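What follows is a set of notes on a single structure, which appears directly below.
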Amino acid sequence: MPDDCKAAEILARIRQDIPILGLTPAHDLSEPWPNRIARLDDTELLGIEPVSPEMASCIRSGLLLRGDFQEESHTLSQAIGSAEGNYWHAIMHRLEPDYSNSKYWFNRVGTHPIFEQLDASASSVANEELLAEFSSPSWDPFRFTDTCEAAVGGRLGQYQHELEQLQELEFDLLLAHCYQQAAGSPV
Numbered sequence: 121m122p123d124d125c126k127a128a129e130i131l132a133r134i135r136q137d138i139p140i141l142g143l144t145p146a147h148d149l150s151e152p153w154p155n156r157i158a159r160l161d162d163t164e165l166l167g168i169e170p171v172s173p174e175m176a177s178c179i180r181s182g183l184l185l186r187g188d189f190q191e192e193s194h195t196l197s198q199a200i201g202s203a204e205g206n207y208w209h210a211i212m213h214r215l216e217p218d219y220s221n222s223k224y225w226f227n228r229v230g231t232h233p234i235f236e237q238l239d240a241s242a243s244s245v246a247n248e249e250l251l252a253e254f255s256s257p258s259w260d261p262f263r264f265t266d267t268c269e270a271a272v273g274g275r276l277g278q279y280q281h282e283l284e285q286l287q288e289l290e291f292d293l294l295l296a297h298c299y300q301q302a303a304g305s306p307v
């Protein structure tokens, strides 16, 4: 996503308020992000005329989710039938936490193009022991969800920070992918 579009500006402001979202976030933001995001039309939000309004909705859902507006994100993602809409839906349920429902939605995602990028980048964030939990031989969103559940439950709590960093990477890659799709760029 280009740094000069409103979506990137909103993401940067959200990250000022919430530097790391957390595996089961519970933030009380004073900023009215849902209203601000809803008031912008797709072209204002993205800085381009999207070839896919559905992908613009995915970006809205992702921004709302990153700002910890789970209900608003859920309403949007639930209405999007694409793999990307299902992906945001799966992440939202993982954050609730409703891990089995998250896995249901990841099943609907199928194999996603960002999995390869996630797998390739994960080693820059996580050590070998943690990677073995969910990324062997390749990125597995079901095992990643199980690993997040184990960390929240205390069994793998020592990895919470790395898992949060991986989740941030996942957000960034999915937002970038959705922007490319909205712009009509090849993935």
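Be aware that the sequence shown starts at 121, since it is given in our numbering, and climbs by one per residue.
Positions of the beta carbon are idealized from the N, C-alpha and C atoms, including for glycine.
None of these values were measured; they are calculated from a predicted model.
Expected contact under 8 Å - CB spacing of residue i and residue j to nearest Å
i: T163; j: V272; result: T163 to V272, Cβ: 39 Å. No contact.
i: M175; j: Q301; result: 4 Å
i: G167; j: C125; result: 3 Å
i: L294; j: E204; result: 7 Å
i: A246; j: L185; result: Contact flag wrong, Cβ pair sits at about 22 Å.
Buried or exposed by the 16-neighbour rule on C-beta atoms within 10 Å, applied to residue i
i: D188; result: buried
i: H147; result: exposed
i: Q278; result: exposed
i: E269; result: buried
i: P173; result: exposed
i: R180; result: buried
i: P154; result: buried
i: S220; result: exposed
Segment limits, alpha helix (DSSP H) that includes residue i
i: H209; result: A203 to L215
i: I265; result: Before going further, note that residue 265 is Thr rather than Ile in the sequence given. Element bounds for T265: P261 to V272.
i: S177; result: P173 to R186
i: H194; result: Q190 to Q198
i: L251; result: E248 to F254
i: H297; result: Q280 to A303
i: A132; result: K126 to D137
Option in the options with minimal Cα separation from residue i
i: H232; options: A246, F262, N221 and M212; result: F262
i: G230; options: A240, G201 and L250; result: G201
i: W259; options: A240, L165 and L276; result: A240
i: I234; options: C298, P152, R214 and A158; result: C298
i: Q237; options: A296, Q136, L165 and A128; result: A296
i: Y207; options: E248, E282 and T265; result: T265
Contact set for residue i: own chain, Cβ-Cβ below 6 Å, skip 5 residues either direction
i: G304; result: V171
i: H194; result: M212
i: I134; result: R186 and G187
i: L165; result: K126 and A127
i: Q190; result: M212
Beta-carbon contacts of residue i that lie in its chain and below 7 Å, excluding the five residues immediately before and after
i: L309; result: Outside the displayed span of the chain (121 to 307) sits residue 309, for which this structure offers no information.
i: L160; result: K126
i: S177; result: L196 and I200
i: L283; result: L143, T267, C268 and A271
i: F291; result: G182 and R186
C-beta neighbour in chain D for residue i, strict 8 Å
i: G182; result: Looking for chain D here will not work: only one protein chain is present.
Beta-carbon proximity list for residue i, same chain, < 8 Å, skipping 5 on both sides
i: L131; result: M121, L183, R186 and L295
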